[in-house]
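Asks: Can you keep this structure in mind? I'll have questions shortly.
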Amino acid sequence: MTKQQSTIEEKAYRDTWGKGIDSYLQMMYERLLLMRELLTEDGSIYVHIGPRIGCRIKVLLEDIFGMGSPSTEICWKRVTGHGDSQRWGVIHDLIIWHTKSDNFAWNPQYEPYSSEYLASKYRYQTINGRRYRLDNLTSPNPRPNMTYEWRGHKPPQFGWRYKYETMEKLYTEGRIELPKKEGGRPQFRRFLDEMPGVPVGTIWADISPVNSQAIEDTRYDTQKPETLLERIIKASSNEGNLVADFFCGSGTTLAVAEKLGRRWIGCDLGRFAIHTTRKRLLDIEGCKPFEILNLGKYERQYWQGVTFGEQGTHVTEQTLYEYLAFMLKLYGAQPVPGLTHLHGKKGKAMVHIGAVDAPVTIDEIDTAIAECVQCRQTELHVLGWEWEIGLYDLMIPEAKKRGVKLLLLQIPREVMERQAVDKGDIQFFELAYLEVNILTPRKLAATVTLKDFVIPNTELIPEEVRTKVKKWSDYIDYWAVDWDFQDDTFMQGWVTYRTRKDRTLALTSDPHTYEEPGRYRVFVKVVDIFGNDTSQVFDVEVQ
Ligand SMILES: C[S@@+](CC[C@H](N)C(=O)[O-])C[C@H]1O[C@@H](n2cnc3c(N)ncnc32)[C@H](O)[C@@H]1O
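Using our numbering, read the sequence shown as starting at 16 and increasing by one per residue.
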């Protein structure tokens, strides 16, 4: 049974197939080249891919990695049956493995013996219930020094396999079975519990896809089973090694790497993927600290350069002009020439567009409001990629005081996706509003309570989601506090989030105890059920 993708999921999984297979292969080629450069000499790369596109990716990999070092393709049987009897049912994925040199890290992996094999070979049991098979004790080559009589048994033609002392030792350990019949030969016992199993080959039929009831299921549509990644990571890396997954999705590779004591790096272009991964890692007991970095302005600068720049990336005034024209068109606004801070007009509202490489600042909005006042305009829409901290709380009342209705709108990442733009899929949401209460319940302590969270344009939220929301906190999936924000990186001090098992969410943090009294900046970060961040900083006086 396959589940229809919801609107949220469809956006979360959108990948770069925009211009068809050629553009996809080009995208992969560029990334695989970089991955080869990053790969250590004894490292391996595994590319997991559907069979239709897999053969093309295999050719790319051969081009990039050459044919000199070991490589192969693994066939993972990912479903047992296929409903279609009109053609061959495709029930596998390809996992293409390439090494960078002959000196690759390798730990053989084993799978259990089949029941038929066990039934035919391991037919015996000791009185303690240990299962074993019998093997001969003859030397394969002539060994005159091992040609001796042992416990009344004549030596075999080429001699015994072991020295006399070893034979005695093995016998006392119960590893040699004496013949039950006259004229029989002593035999060696191979115990099943000491055999590693069958070395795993290139057909993997023993790993099932993630079951919707499984604890590991994160509801990420393309999530892979942890056992699959376990086999790969164990085979090709050792503890302390670095594992990277550049298309990490729900973070299966990273979660398994963490559990197996490897270091890891993950990357994905979907914010829903990153959010799912974050929660999944936080759920691992004893998970080491990790950092979430945002490509943010670097990606946007690059996009601006290649989309509007001359000769690819050179940003000129013309580039900026074209960027503004593009954004205004997307927002459905008309350009207005002759003004400094106001770029366009939509209906009655003036429009200001934030730059790609800097947060919209309080000063910037202040001057845009002043220009509105100067030309007797009463409504201002500001579109931004990022926002100066504290701007929302300060500027909405400030604009109101000066007779201007101010709307702050988030420019979504999808603006940079050609496919989404062409499909007319871009929506600008108003910034969410967060109300928080900070209490200092006792000496040197503080707690944070969420009082309200408002997603303004609820009409843009898919019906299927909206009908399930009963109260404001239902929109929140995760929230965290940095108790002593230093105006650079958010350091998670206290966190809570919904899990599949536990859908409840605490709205008051545990108390945090400071070492000294003083004035602290408390950073509260909320991630909503769509994966959007809303952050606010509060100053608190701790006695
Ligand atoms: C098949 S999913 C990975 C699933 C993952 N193995 C798991 O177990 O959850 C592929 C992921 O690649 C991401 N993706 C697609 N194109 C990308 C790109 N150019 N750069 C980074 N991530 C990309 C998608 O957002 C998606 O999450």
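Note that beta-carbon positions come from the ideal geometry of N, C-alpha and C, so glycine has one too.
Got a sec: does ligand 1 put a non-hydrogen atom nearer than 6 Å to the Cβ of Q238?
Replies: Because some heavy atom of ligand 1 lies under 6 Å away, the Cβ of Q238 counts as near it: yes.
Asks: Using DSSP's beta-bridge definition, name the partner residues of F305.
Replies: When beta bridges are read from the DSSP output, F305 appears opposite no residue.
Asks: So does Y61 have its beta carbon nearer than 6 Å to some heavy atom of ligand 1?
Replies: no
Asks: Taking Cβ to Cβ, would you say V451 is nearer than 7 Å to S524?
Replies: no
Asks: Please state the DSSP three-state secondary structure of Q316.
Replies: Correct three-state label for Q316: helix.
Asks: Can you find a heavy atom of ligand 1 that lies under 6 Å from the Cβ of Y317?
Replies: no
Asks: Does the Cβ of A288 lie closer than 6 Å to at least one heavy atom of ligand 1?
Replies: Yes; taking the cut-off as 6 Å, the Cβ of A288 has a heavy atom of ligand 1 nearer than that.
Asks: Assuming contact is defined by CB atoms lying nearer than 7 Å, are V225 and D236 in contact in what I supplied?
Replies: no
Asks: What is the DSSP secondary structure of D150, counted as helix, strand or coil?
Replies: strand
Asks: Report the rounded CA-to-CA distance for P477 versus Y132, giving the unit in angstroms.
Replies: 54 Å
Asks: Is any heavy atom of ligand 1 found at a distance shorter than 6 Å from the C-beta of L284?
Replies: yes
Asks: Pull up the DSSP beta-bridge partners for A461, would you.
Replies: H527
Asks: For the alpha helix (DSSP H) holding I36, just list the boundary residues, first then last.
Replies: I36 to L53
Asks: Hey, how far is the Cα of T455 from the Cα of Q558?
Replies: 8 Å
Asks: Exposed or buried, which one is C70 when buried takes at least 16 other CB atoms within 10 Å?
Replies: By the 10 Å Cβ count, C70 comes out exposed.
Asks: Whole angstroms is fine: what's the gap from L149's alpha carbon to I191's?
Replies: 9 Å
Asks: At the level of alpha carbons, what is the spacing between K249 and L275?
Replies: Taken atom to atom, the span from the alpha-carbon of K249 to that of L275 is near 8 Å.
Asks: What does DSSP give as the partner residue(s) for A350 in the beta ladder?
Replies: Looking at the sequence shown, residue 350 is not Ala but Pro. Answer by DSSP bridge pairing, in chain order: G359.
Asks: When burial is assigned at 16 or more other CB atoms within 10 Å of the CB, is Q389 buried or exposed?
Replies: exposed
Asks: Roughly how far, in whole angstroms, is the beta-carbon of E300 from the beta-carbon of V271, given that I think they are within contact range, below 8 Å?
Replies: The Cβ separation is near 14 Å, so there is no contact.
Asks: By how many angstroms is the C-alpha of G508 removed from the C-alpha of W498?
Replies: 6 Å
Asks: Given a threshold of 16 other Cβ atoms within 10 Å of its Cβ, counted over all protein chains shown, does G533 qualify as buried or as exposed?
Replies: exposed
Asks: How about V539 and V480: do their beta carbons lie closer than 7 Å?
Replies: Cβ distance not < 7 Å, so V539 and V480 don't count as in contact.
Asks: Closest to P427 by CA distance: which of L465, I368 and L409 is it?
Replies: It is I368.
Asks: In the structure shown, what three-state DSSP assignment does A435 receive?
Replies: helix
Asks: Ignoring anything shorter than 4 residues, give me the alpha helix (DSSP H) runs that lie fully in the segment 142-217, in order along the chain.
Replies: For the segment 142-217, whole alpha helix (DSSP H) runs of length 4 or above, ordered along the chain, are 179-187.
Asks: Compute the Euclidean distance between the alpha carbons of P211 and P127, then round it to the nearest angstrom.
Replies: Going by C-alpha positions, P211 is about 8 Å away from P127.
Asks: Starting from E140, follow its DSSP beta bridges and name the residues at the other end.
Replies: Just to set this straight, residue 140 is Gln in the shown sequence, not Glu. In DSSP, Q140 forms a bridge with R146.
Asks: Quick check on R646: buried or exposed, where buried means 16 or more other Cβ atoms within 10 Å of its Cβ?
Replies: Outside the shown range of the chain, which is 16 to 558, sits residue 646, and nothing can be said about it.
Asks: Exposed or buried, what is N122 when buried is set at 16 or more other beta-carbons lying within 10 Å of its beta-carbon?
Replies: Answer is exposed; the Cβ neighbour count stays below 16.
Asks: May I ask you to list the residues that DSSP assigns as paired with E445?
Replies: L424
Asks: At which residues does the alpha helix (DSSP H) containing F80 begin and terminate?
Replies: P66 to F80 is the span of the alpha helix (DSSP H), which, as asked, contains F80.
Asks: Is S265 a contact residue of ligand 1, with contact defined as CB to any heavy atom under 6 Å?
Replies: yes
Asks: Below 6 Å CB to CB, which residues in the same chain sit around M16 once its five sequence neighbours on both sides are set aside?
Replies: At M16 the pLDDT is 33, less than 50, meaning the model places this residue with poor confidence; the figure from the coordinates comes in the next sentence. Nothing listed; no residue qualifies.
Asks: Looking only at its own chain, which residues have a Cβ that is under 6 Å from the Cβ of K26, when we skip the five neighbours before and after it?
Replies: Any reading at K26 must be qualified, since the residue scores a pLDDT of 43, below 50, and its modelled position is unreliable; no value is offered.
Asks: Can you tell me which of the three DSSP states Y128 falls into?
Replies: Y128: coil per DSSP, three-state reduction.
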